[in-house]
Structure formats: C-alpha cells, structure tokens
Amino acid sequence: MREYEVGPIRPPSEAESLLLRVTRNCPWNKCKFCTLYKGEKFSIRSNEDIFRDIDLVKASIDIMENNEEVSYSDLMKDIPENSEWAISSAVSFYRNGMKSVFLQDADTMIIKPDDMVEILNYLKKTFPKVERITSYGRSSSLSHISIEDMKRIADAGLNRVHMGMETGSDTALELVKKGTTKEKHILGGQRVKEAGIELSVYYMPGLGGTEYSYENAVETADAINKIDPDYIRIRTLAVSGNSLLSEDYEKNIFHRTNDTKIVQELRLMISELEGISSTVVSDHIINLIPEVNGKLPEEKEKMIAAIDWYLNLSEEDKMIYRIGRRTGIIISRKAFGNEVLRLRTERIIKKEGINHDNIDMFTDQLISRYI
Numbered sequence: 184m185r186e187y188e189v190g191p192i193r194p195p196s197e198a199e200s201l202l203l204r205v206t207r208n209c210p211w212n213k214c215k216f217c218t219l220y221k222g223e224k225f226s227i228r229s230n231e232d233i234f235r236d237i238d239l240v241k242a243s244i245d246i247m248e249n250n251e252e253v254s255y256s257d258l259m260k261d262i263p264e265n266s267e268w269a270i271s272s273a274v275s276f277y278r279n280g281m282k283s284v285f286l287q288d289a290d291t292m293i294i295k296p297d298d299m300v301e302i303l304n305y306l307k308k309t310f311p312k313v314e315r316i317t318s319y320g321r322s323s324s325l326s327h328i329s330i331e332d333m334k335r336i337a338d339a340g341l342n343r344v345h346m347g348m349e350t351g352s353d354t355a356l357e358l359v360k361k362g363t364t365k366e367k368h369i370l371g372g373q374r375v376k377e378a379g380i381e382l383s384v385y386y387m388p389g390l391g392g393t394e395y396s397y398e399n400a401v402e403t404a405d406a407i408n409k410i411d412p413d414y415i416r417i418r419t420l421a422v423s424g425n426s427l428l429s430e431d432y433e434k435n436i437f438h439r440t441n442d443t444k445i446v447q448e449l450r451l452m453i454s455e456l457e458g459i460s461s462t463v464v465s466d467h468i469i470n471l472i473p474e475v476n477g478k479l480p481e482e483k484e485k486m487i488a489a490i491d492w493y494l495n496l497s498e499e500d501k502m503i504y505r506i507g508r509r510t511g512i513i514i515s516r517k518a519f520g521n522e523v524l525r526l527r528t529e530r531i532i533k534k535e536g537i538n539h540d541n542i543d544m545f546t547d548q549l550i551s552r553y554i
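Under our numbering, the first residue of the sequence shown carries the number 184, and numbering increases by one thereafter.
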C-alpha cells in the first residue's frame with residue numbers, strides 16, 4: 184500500500200486545511216532566492232492517485248464519525264500500512280470541521296483544466312462540508328488559462344489562489360530568474376479575479392536590492408493597482424546562505440539592502456497603491472513591522488503611520504527594535520515600550536558586540552533562521 188503524499192509547504196493561512204498533493208515540487212524551480220525544491224524533479228500526480236489519497240482520508244474520517252471515542256492508536260489499527268500521514272491529516276481535518284483544503288505543491292494551476300475540475304468535483308463530492316479550496320499558482324500558468332476554463336474551475340469549487348508575484352519590476356524579475364513578467368502577473372491575476380476566485384498576491388520588499396529598490400516598489404504597486412487582489416501579503420526578502428541569490432551577493436552582482444531601507448521601500452509601495460480595495464497582510468515573522476496590516480483605502484494612512492513610527496526612531500532605538508524583533512523578544516510596537524524587554528535586548532546587543540557597523544550582518548543571520 185503506497186503512502187499518503189504531503190508536500191513540504193503551505194501558506195500560514197492554511198494551517199487548518201487538509202493538504203492534498205496534486206503536483207510534486209515546482210515546474211520552474213529556477214528562482215534564485217528559493218531553495219525549497221532545488222534538486223527535486225517536478226511531476227504531476229495522476230487523478231487516480233489523488234483520488235486514492237482522498238479516499239484514505241475519508242476512510243479515517245468515517246471511523247471517527249462512527250465512533251467518537253476512537254483513539255489515534257485505534258485508527259492506526261484499522262488503516263493500511265504506510266498511511267500514517269493519511270491518519271494525521273484526517274484527524275486534523277476532522278477536528279477543524281472539514282472546512283478547507285489546500286492543493287499542493289508550488290503550482291497546481293499548471294495542470295490541465297479538465298483534470299483540475301475532475302479533482303475538485305471528487306473532493307467536493309467526498310467532503311461536502313468543504314467551504315474553501317485553495318492553491319498556489321504561478322502567474323505564468325494563470326495567464327495561460329482561458330477565462331472560460333478559469334470560470335469552470337471556480338464553479339467546481341476552487342475559491343482561493345495564492346500567486347507569488349514577489350515584484351512587479353521586470354528588471355528584478357529577471358535579476359532573480361523568476362521566469363515570468365509583470366504583464367503575466369497582471370493578466371494572471373485579472374483572470375483569477377474575473378472568474379470570481381479570491382486572490383492573494385505576495386510582495387517581497389528587498390528583492391530589487393539597493394539598485395532597484397525604487398523600481399521594485401513603484402512597479403509592484405502599479406501591477407497590484409491593475410489587479411486589485413483581495414489580499415497583498417508581505418514577505419520580506421530573506422537570503423538563504425545556500426541560494427543562488429546568496430552567490431550573486433558574494434560576487435557583488437546583487438547588493439542586499441537592510442531592514443531600514445526595506446521599510447522605506449515598503450512605505451513607498453503602499454503609498455503608491457490607489458483605486459483598489461485590497462487588504463494588506465503582514466502575517467510572517469520575517470517582516471519587521473507586524474502592524475502593517477489594513478484594508479485599503481481606509482486604513483492606508485494607519486499603515487504608513489506604523490512605518491513612520493519606526494523610521495522616526497533614533498538610530499539607537501532602531502537597533503534595539505531590530506534586534507528585539509529578530510530575536511523574538513520584541514514582537515510588536517507595543518512590546519517595544521516594555522522596559523524589561525528592552526533591557527533583555529540591550530543585554531544581547533552588548534554581549535554580542537552589535538554596533539551600527541555589523542548589525543546588518545547580525546540581523547541577516549537571524550532572519551535566515553525563518554526561511
């Protein structure tokens with residue numbers, strides 16, 4: 184009996200979702216900032232294999248529904264060998280109300296529309312309580328799906344797509360070998376929205392380095408203004424030591440920026456957002472200022488004010504906040520006012536010999552832990 188398959192990643196917002204692997208790894212797999220799928224071959228799973236995974240989860244749920252007192256060890260006795268992931272997924276899915284499913288891996292939208300519709304229909308038939316089905320989708324794949332097919336996919340049950348836009352700058356996209364363009368970002372995003380599917384786009388401040396920071400902000404905002412996604416999710420650039428982008432950094436091809444300059448870039452991007460009703464979300468620990476959350480346009484000034492709060496700090500206070508945030512001691516603007524937490528952070532700064540000359544190197548090392 185083959186094992187239930189689970190991929191390596193999901194968005195933070197899908198923590199309570201059933202993870203259903205439709206594709207393996209990434210069809211592009213050349214982005215210089217990403218190491219997640221390096222060395223792994225992309226493949227599309229057959230619908231029959233996917234249906235068997237759905238059936239494995241359903242078998243566990245049937246046992247739980249028929250006997251509320253059943254234990255995890257009891258489930259292990261009744262499920263075929265090598266199906267531990269199916270049991271674990273089923274238990275989590277069942278306890279969370281069987282409301283949401285996330286289709287893995289990096290670009291499920293690359294599969295044939297007919298296959299996607301068939302998978303969605305089988306999923307909805309098996310789990311009629313499901314309210315939300317979500318997928319990652321590269322803009323290069325989304326832009327090649329006709330609006331007719333996108334609407335068929337939406338009608339079959341897909342109602343949320345996460346698109347890793349990262350930047351709207353064609354210069355930066357080429358610099359990091361993203362394998363797509365600003366035009367494809369816009370077209371793919373518009374197709375998703377036109378079909379009535381909720382869209383989250385991801386913006387990566389810092390991806391243009393020092394040279395293209397302005398372009399990264401302005402071109403990204405321009406693309407987002409043309410898409411009007413439901414959510415704009417902030418994912419600050421973090422450069423892994425074994426990434427191709429790190430190699431470019433060592434060769435002085437890519438010039439990494441720092442926390443403060445990234446925050447300035449983020450401020451510019453948000454200030455350029457106009458005529459849209461998106462919600463900005465800073466839902467990852469890698470972001471320096473978690474308070475940059477809000478609904479556009481009504482909370483735009485509130486978000487800019489949160490950024491200005493940091494930018495207006497003295498250089499000493501900026502250092503304390505950066506180290507506090509990156510070590511997890513100071514998790515918010517409010518926590519920064521806690522004298523006990525400030526003292527803990529100051530002790531670390533003194534112990535590690537952190538100063539204005541080496542703080543960027545130190546924070547880069549801390550950030551890399553979260554990749």
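Idealized CB from N, CA, C, for every residue including glycine. Note that this is a predicted model, so its numbers are computed, not measured.
Simplified DSSP state of residue i, which is helix, strand or coil
i    : result
K478 : strand
T493 : In the sequence as displayed, the identity of residue 493 is Tyr instead of Thr. Here Y493 sits in helix by DSSP.
Y319 : strand
T462 : strand
I293 : helix
N306 : Per the sequence shown, the amino acid found at residue 306 is Leu instead of Asn. L306 falls in the helix class under three-state DSSP.
L286 : strand
R439 : coil
K361 : coil
R193 : coil
H368 : helix
I468 : coil
E186 : coil
M556 : The requested residue 556 is not part of the displayed model; the chain covers only 184 to 554.
I453 : helix
V274 : helix
I445 : helix
I487 : helix
L420 : coil
S324 : helix
Alpha carbon of residue i to alpha carbon of residue j, nearest angstrom
i    : j    : result
Q548 : V300 : 44 Å
R278 : L451 : 43 Å
K213 : D413 : 28 Å
E251 : E188 : 26 Å
S461 : D411 : 6 Å
R228 : V205 : 6 Å
D543 : I472 : 17 Å
L201 : F276 : 5 Å
A518 : G392 : 30 Å
L526 : N538 : 16 Å
Q373 : E535 : 49 Å
N476 : N249 : 43 Å
K409 : V401 : 13 Å
R315 : E522 : 43 Å
I490 : R516 : 10 Å
R505 : V463 : 22 Å
M184 : S243 : Residue placement at M184 is flagged as unreliable, the pLDDT there being 45, under the threshold of 50; the coordinate-derived value follows with that caveat. Taking the straight line joining both Cα atoms gives about 15 Å.
N399 : E448 : 8 Å
L203 : I233 : 8 Å
I417 : R193 : 16 Å
H368 : S465 : 21 Å
L358 : K312 : 44 Å
G379 : K334 : 7 Å
E457 : E481 : 11 Å
Boundaries (first-last residue) of the alpha helix (DSSP H) holding residue i
i    : result
E498 : 498-510
A339 : 330-339
D540 : Here D540 belongs to no alpha helix (DSSP H), and DSSP marks it neither H nor E.
R552 : First-last for R552: undefined, no H or E at that position.
S352 : From DSSP, S352 is part of no alpha helix (DSSP H); its letter is neither H nor E.
V523 : 522-535
S429 : 427-433
K312 : No alpha helix (DSSP H) contains K312, which DSSP labels as neither H nor E.
A518 : 516-519
Beta strand (DSSP E) segment containing residue i, residue limits
i    : result
V344 : 343-349
L201 : 201-204
Check: residue i C-beta below 8 Å from any heavy atom of the ligand COA
i    : result
A489 : With respect to the ligand COA, the structure shown offers nothing to examine, as it has no ligands at all.
- [ ] Specify whether the region 318-335 and the region 377-390 touch according to this definition: at least 3 beta carbon pairs, one from each stretch, less than 8 Å apart.
- [x] yes
Task: At least 3 beta-carbon pairs within less than 8 Å: the region 336-347 vs the region 300-313 - done: yes
TODO: Kindly provide the ranges of any alpha helix (DSSP H) runs that are 4 or more residues long and lie completely inside the region 377-418, ordered along the chain.
DONE: 396-410
Open item on the list: Across the region 278-290 and the region 327-338, are there enough close Cβ pairs to call them in contact, namely three or more that are closer than 8 Å?
Closed with: no
TODO: Report yes or no: do the region 430-440 and the region 471-491 share at least 3 C-beta pairs separated by less than 8 Å?
DONE: no
- [ ] Give, in chain order, every unbroken run of the alpha helix (DSSP H) that is at least 4 residues long and sits entirely within the region 207-254.
- [x] 230-249
Task: the region 465-479 touching the region 502-518, judged by at least three CB pairs closer than 8 Å - done: yes
Task: Three or more C-beta pairs below 8 Å linking the region 419-428 and the region 214-227 - done: yes
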